[in-house]
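Working notes, beginning with the structure itself.
2 protein chains.
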Amino acid sequence: MARTVDPALHARRREAILGAAGRLFAEQGFEGTTVAQIASAAGVSSGSVFYYFDDKPAVFRAVFEQALPHNEALIARHQGTEEPFAAILDVVAGLAADADDPSASGMVVELLRRIGHDEQLGVVVERASQVVREGLAGLVARGIEAGTVDPELDPADTATWLENIVDAAYLGARPGHSPLPALRRTVARYLEPGRTERV
Amino acid sequence: MARTVDPALHARRREAILGAAGRLFAEQGFEGTTVAQIASAAGVSSGSVFYYFDDKPAVFRAVFEQALPHNEALIARHQGTEEPFAAILDVVAGLAADADDPSASGMVVELLRRIGHDEQLGVVVERASQVVREGLAGLVARGIEAGTVDPELDPADTATWLENIVDAAYLGARPGHSPLPALRRTVARYLEPGRTERV
DNA sequence: GTCTATATTTAGATAGAC
DNA sequence: GTCTATCTAAATATAGAC
Numbered sequence: 023m024a025r026t027v028d029p030a031l032h033a034r035r036r037e038a039i040l041g042a043a044g045r046l047f048a049e050q051g052f053e054g055t056t057v058a059q060i061a062s063a064a065g066v067s068s069g070s071v072f073y074y075f076d077d078k079p080a081v082f083r084a085v086f087e088q089a090l091p092h093n094e095a096l097i098a099r100h101q102g103t104e105e106p107f108a109a110i111l112d113v114v115a116g117l118a119a120d121a122d123d124p125s126a127s128g129m130v131v132e133l134l135r136r137i138g139h140d141e142q143l144g145v146v147v148e149r150a151s152q153v154v155r156e157g158l159a160g161l162v163a164r165g166i167e168a169g170t171v172d173p174e175l176d177p178a179d180t181a182t183w184l185e186n187i188v189d190a191a192y193l194g195a196r197p198g199h200s201p202l203p204a205l206r207r208t209v210a211r212y213l214e215p216g217r218t219e220r221v
Numbered sequence: 023m024a025r026t027v028d029p030a031l032h033a034r035r036r037e038a039i040l041g042a043a044g045r046l047f048a049e050q051g052f053e054g055t056t057v058a059q060i061a062s063a064a065g066v067s068s069g070s071v072f073y074y075f076d077d078k079p080a081v082f083r084a085v086f087e088q089a090l091p092h093n094e095a096l097i098a099r100h101q102g103t104e105e106p107f108a109a110i111l112d113v114v115a116g117l118a119a120d121a122d123d124p125s126a127s128g129m130v131v132e133l134l135r136r137i138g139h140d141e142q143l144g145v146v147v148e149r150a151s152q153v154v155r156e157g158l159a160g161l162v163a164r165g166i167e168a169g170t171v172d173p174e175l176d177p178a179d180t181a182t183w184l185e186n187i188v189d190a191a192y193l194g195a196r197p198g199h200s201p202l203p204a205l206r207r208t209v210a211r212y213l214e215p216g217r218t219e220r221v
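These protein sequence lines are chains L and X, in that order.
All residue numbers for the first sequence refer to this note's numbering, where the first residue is 23 and numbers rise by one.
All residue numbers for the second sequence refer to this note's numbering, where the first residue is 23 and numbers rise by one.
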């Protein structure tokens, strides 16, 4: 059977390309980054990039496919929790973990923008986002049962809104100023029951 | 003295170009939009666009210079208010007014991304944003004095965070689902004094 | 002032040697 | 599998007619 001579080397090269691409895309944007730059930063030739990936958009998508396992782990960690309210805060903090890294901020913006332009990317991101959204929605529902989350909230809508708030934290990234405390306050107060306002 | 033959016509043409450009940039992004498309949509030739604007980035910047007066009016409206808390909610709602328009959402993302790439754009946006931020910070400070806003909040930081939350509302734009109620709840609860959590 | 036509540049993608 | 060299397409910006 035909097979790659050295799968490990193959994977290493592939990851070198993805690492370089991720950094460059975050700093310069998708269109602002050339395949030649990626190849150069990864220490391979321009032609090799097209051996590993079909085209430039495929490189961008692959960068985000790496995020999927991370998100799954984050949700799985809190599956059997007794404290859904605290679990939500922890998941949100995990999602926003590197929100104070300006390059992560650039990547998020670039991602949001390209979703509308690359249908296949939409599928990749939707898959990763769905894991988080369903996990959060489940935690919100359990928080409502436990009486620690406002029963007027719709779990699915709330999960989506929480994702948006996390994105906002990335947008507000400034060197030397972590948005995490404000994020935590925002989410905790949003969820709590027993306020006078109505949605 | 040399002067434009018909200033009114000149302005009309300029605005036709800006209108077309705004729509196309929002839908297709900056790089995804060609000057030829803008010209065609505005009913002029490609060459004419370069008569009205120095280059393509200048067209993009001009689209946002239009936002400055709108923001100023929004802040000015609440200058002498007796109810700073309500005023903040109103300003935020005004900023997010067209957050449920998907094309506005695309434009915000595109804007955030291009700020890092076009220094002059950064200046334009910073000017518009500063008006809002200072206005909001003033209202937060007055709310603290009035006892309706949590005194533990820093007015300047809070104003910045509120701007980020508004951006989140744009990101969450989905047809048939306005993010405004969630935004209102988020902001109101974030500001209120007398919770157990600490920032 | 506005057009048409085009020069210039650049980058994605491929062909074929090794 | 990886390289070098190159082809091709596209889009910005300009030159010059009207």
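From the three backbone atoms N, C-alpha and C, an ideal C-beta is built for every residue, glycine too.
Just so you know, these numbers come straight off a predicted model, no measurement behind them.
Item, Value
"Identify every residue that forms a DSSP beta bridge with R83(X).", "Partner(s): none; R83(X) has no beta bridge."
"Tell me whether E219(L) sits in a helix, a strand or coil according to DSSP, three-state version.", "With a pLDDT of 49 at E219(L), under the threshold of 50, the modelled position of this residue cannot be trusted, and the question is left open."
"Residues of chain L with CB under 7 Å from G194(X), in chain order?", "T182, W183 and N186"
"D189(L) CB to nearest chain X CB: under 8 Å?", "yes"
"Can you confirm whether the stretch 33-45 of chain X touches the stretch 207-215 of chain L when touching is taken to mean that 3 or more C-beta pairs between the two stretches lie within less than 8 Å?", "no"
"Does E87(X) come within less than 8 Å of chain L when only Cβ atoms are used?", "no"
"Could you check which residue in D176(L), L134(L) and V145(L) has the C-alpha nearest to that of G194(X)?", "L134(L)"
"Which stretch, first to last residue, makes up the alpha helix (DSSP H) that contains E214(L)?", "Looking at the DSSP string, E214(L) is not in any alpha helix (DSSP H), and its letter there is neither H nor E."
"Give me, in chain order, the residues of the same chain whose beta-carbon lies closer than 7 Å to that of V57(L); leave out the 5 immediate sequence neighbours on both sides.", "S68, V71 and K78"
"Any Cβ of chain X within less than 8 Å of the Cβ of T208(L)?", "yes"
"Could you work out which residues of chain X lie near E132(L), taking near to mean beta carbons separated by less than 8 Å?", "R135"
"Please report whether the beta-carbon of R83(L) lies at a distance below 8 Å from any beta-carbon of chain X.", "no"
"Less than 8 Å between CB atoms is the rule here; does E219(L) satisfy it with respect to chain X?", "Low confidence applies to E219(L): its pLDDT is 49, below 50, so where it sits in the model is not reliable enough to give any reading."
"Which bits of chain L does Y212(X) rub up against, with CB to CB less than 9 Å?", "A204, R207, T208, R211 and Y212"
"Out of curiosity, what's the CA-to-CA distance linking A80(X) and T182(X)?", "27 Å"
"If G157(X) and V113(X) are in contact, beta carbons under 8 Å, what's the gap, nearest whole angstrom?", "7 Å"
"With 16 other CB atoms within 10 Å as the buried threshold, where does E167(L) fall?", "exposed"
"Quick one, which of S151(L), P29(L) and A115(L) has its alpha-carbon nearest Y74(L)'s?", "P29(L)"
"List the residues of chain X whose Cβ lies closer than 7 Å to the Cβ of G51(L), in chain order.", "R135 and H139"
"In angstroms, rounded to a whole number, what distance separates the CA positions of L46(X) and T55(X)?", "6 Å"
"Would you check if the stretch 160-176 of chain L and the stretch 101-115 of chain L touch, i.e. whether three or more CB-CB distances between them fall below 8 Å?", "yes"
"First and last residue of the alpha helix (DSSP H) that includes R45(L)?", "P29 to Q50"
"Which residues share a DSSP beta bridge with R196(L)?", "H199(L)"
"By alpha-carbon positions, which one of D140(L), V85(L), P173(L) and G51(L) ends up nearest to F107(L)?", "P173(L)"
"Can you list the residues of chain L that G54(X) reaches, using a CB-CB cut of under 7 Å?", "H139"
"Taking G128(L) as the query, report the chain X residues whose CB atoms sit under 9 Å from its CB, ordered along the chain.", "R135 and G138"
"Considering Q101(X), what are the terminal residues of the alpha helix (DSSP H) in which it resides?", "It is not in any alpha helix (DSSP H) - Q101(X) carries neither H nor E in the DSSP assignment."
"If you draw a straight line from the C-alpha of A126(X) to the C-alpha of G169(L), how long is it?", "38 Å"
"Would you kindly check if the distance between the Cβ of L143(L) and the Cβ of R207(L) is under 8 Å?", "no"
"May I ask you to report which of helix, strand or coil DSSP gives H139(L)?", "coil"
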